[in-house]
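Participant: Its first residue numbered 0, the sequence shown is counted upward by one per residue in numbering that gives the first Met the number 0.
The C-beta atom is built at its ideal place from N, Cα and C for all residues, glycine as well.
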Amino acid sequence: MERRKLRSQGEPSGDTEIDVQNQNADNHNHPQTIHNRMLKNDKISIAILFFLYILQGIPLGLGGSIPMILQNRNVSYKDQAVFSFVSWPFSLKLLWAPAVDSLYWKRMGRRKTWLIPTQYLIAIFLIYLSSSVNSMLGSEESPPRIYLLTAAFFAMNFLAATQDIAVDGWALTMLSRQNVGYASVCNSVGQTAGYFLGNVVFLALESTDFCNKYLRSVPQAEGMVTLSGFLKIWGVIFFISTTLVFIFKSEKPERHSENHGIRETYNQLYRIFHLRNVWLIVAFLMTAKIAFGATDSVTGLKLIEAGVHKEHLALLAVPMVPLQILLPLVISKYTNGPKPMSVFLKAYPYRLAFGLMYALLVWWTYQMKLEDGSFPVYYYVVIVFCYALHQIALYSMFVAAMSFFAQISDPSIGGTYMTLLNTVCNLGGNWPSTLALSLVDPLTTRTCDNPLFSCDTKELGLKCTEAGNKCLTTMDGYYLETVVCFVFGFLWLRWGRRTAQKLQNLPLSAWKVPR
């Protein structure tokens, strides 16, 4: 309602000047002409926003690439579990978002106060990592320095999450009221593009086999880029672009600020947690994805362990992009009703079944490997097909949950309610993945083909192989986890179905925050 009121008054808002006099003189023009003129005034701001979101996606993409690189170096799944913590900052940013929204240097501006320092720090991290990441990743002689590597990428993703808070806020004032809807487009497309560059493009260009096969006429010993070189390039890009934004992009003071301050925001969260129904939905969200922990976090690493090249696995995500864009649009038609969680419950058993299917796919991968280490084309077709079906179940649950959050969130306290539910939903997916990774090795049993040796520990296994023997896996912890997760999910669904139906049958007044 506030946005409609401001628009009817004809008040300009944002960092781009609007020629009010010319606008009033042309009120008789076609609405499309006026829209084009308003869009033209914001083109530079839209381009800046889009680029800032691309920058935000780079650390996320790199964070997704490192586990694949580590897997090729035969690190333990315990180390993979430790590194998985780098994805947590975006799920926890609610904890410091009120400070980013409330504390700032007035002379610099509310958003640039945080944006400029965080991007400079990301640039410093990238340049620092470019000179030290190879030693952190380890070699055949030395193991990876996993805790230092995790700390560096966790800090970088913490900064990226802080940058996300600042850019999200700046987008609302950088663009005029008429074009503020483009902010969400810049966010989704820009961050996806940045992740794609930091993950898929990097892994492809870093791969010697991929570059020699598809991009070079004369084979060479290395890929077209190295991890250290890629980090340095983007460190320089971060530094230069941040300086340009700092100097040339001004931030106007906000005339209609809706900021509630740190104390008020945390007070809102406190009042929300006083609701009994909120505790119930928190329990629901924190346990719903336990059944998918092994499938979501371990399957891709197991495929790499089975011989699938990491760059090929990353490139398989490309055909999914159109599907991931269309799925929310299609699914939203079924979740816009009064009971969106019914879609969640219908999709849950299918996603649960995909856990067993992916375990079978990992086993099948070993059978399909050719003598030269490659895989037939139809193998990749099957993977893409299975992945596409899995995405339908995944997005059905995601869109249904988001629709339910939007319905029950108390509008009287702004976005705090919705943000809290999103945070809990993200955490509900993070902790099972980390736990699943940490349990793969303890649940795996190996024996040496020579009974005089043992493979119970890494050191004993090394003695077995040094003596010319082999360690044979008698029970892969991944398969055991998959079965346990499936059984848990089957049992959880009985409770989850009753709980979800109870929650969505509550009147909206049951979700109102007490005053």
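1. Which whole runs of the alpha helix (DSSP H) in the stretch 299-343 are 4 residues long or more, in chain order?
2. Helix, strand or coil for THR149, going by three-state DSSP, please let me know.
3. Any chance the stretch 414-432 sits against the stretch 82-92, with 3 or more Cβ pairs inside 8 Å?
4. Could you check the C-alpha separation between GLN366 and LEU148 for me, to the nearest Å?
5. From the DSSP output, read off the bridge partner residues of THR446.
6. Please look up how many angstroms separate the CB atoms of PHE201 and VAL224, rounded, as I've assumed it's under 8 Å.
7. Pull up the distance between the alpha-carbon of VAL85 and that of CYS185, whole angstroms please.
8. Of the residues LYS368, PHE291, TYR357, ASN335, which one's Cα is nearest the Cα of ILE382?
9. Quick check on ILE45 - is its C-beta less than 8 Å from some C-beta in chain B?
10. Once you ignore the five residues that flank ASP409 on each side, which residues in its own chain have a CB closer than 7 Å to its CB?
11. Would DSSP call GLN22 helix, strand or coil?
12. Considering just the uninterrupted stretch of the alpha helix (DSSP H) at ARG496, what are its terminal residues?
13. I'd like to know whether the C-beta atoms of VAL297 and VAL439 end up nearer to each other than 8 Å.
14. Quick check on the DSSP output: the alpha helix (DSSP H) that includes TYR181 runs from which residue to which?
15. Rounded to the nearest angstrom, what separates THR334 and ILE407 at their Cα positions?
16. Just to confirm the assignment, what range does the alpha helix (DSSP H) spanning TRP113 have?
17. Taking the alpha carbon of ALA282 as the reference point, which residue from PRO58, LEU505, SER129, ALA499 has its own alpha carbon closest?
18. When you compare only the Cα positions, how much space is there between PRO506 and PRO337?
19. Pairing CB atoms from the stretch 337-352 with CB atoms from the stretch 388-397, are three or more of them under 8 Å?
20. Considering only the beta carbon of each residue, do GLU370 and SER206 sit closer than 8 Å?
21. Would you say the stretch 318-331 touches the stretch 444-462, given that touching needs at least three Cβ pairs under 8 Å?
22. Indicate whether the contact test is met: 3 or more Cβ pairs, each with one atom in the stretch 175-183 and one in the stretch 146-161, closer than 8 Å.
23. Give the range of the alpha helix (DSSP H) segment to which GLU205 is assigned.
24. For GLY495, count the other beta carbons within 10 Å of its own beta carbon; 16 or more makes it buried, fewer makes it exposed. Which is it?
25. May I ask you to report which of helix, strand or coil DSSP gives SER64?
26. Taking GLY56 and TYR194 to be in contact with their CB atoms under 8 Å, please state how far apart those CB atoms are, rounded to whole angstroms.
27. Would HIS379 and LEU315 qualify as a contact pair, given that the criterion is a beta-carbon distance under 8 Å?
Facilitator: The relevant details are as follows:
1. 309-314, 319-334
2. helix
3. yes
4. 34 Å
5. LEU471
6. 7 Å
7. 24 Å
8. TYR357
9. No chain B appears in the structure shown, which is made up of a single protein chain.
10. TYR416, TRP510, LYS511, VAL512
11. Summary for GLN22: the model assigns pLDDT 45, below 50, so the residue's position carries little reliability; its value from the coordinates is reported in the next sentence. If DSSP states are grouped into helix, strand and coil, GLN22 belongs with the helices.
12. 476-504
13. yes
14. 181-195
15. 14 Å
16. 111-136
17. ALA499
18. 11 Å
19. yes
20. no
21. no
22. no
23. 201-205
24. buried
25. helix
26. 4 Å
27. For the sequence presented, residue 379 should be read as Tyr rather than His. Cβ distance < 8 Å, so TYR379 and LEU315 count as in contact.
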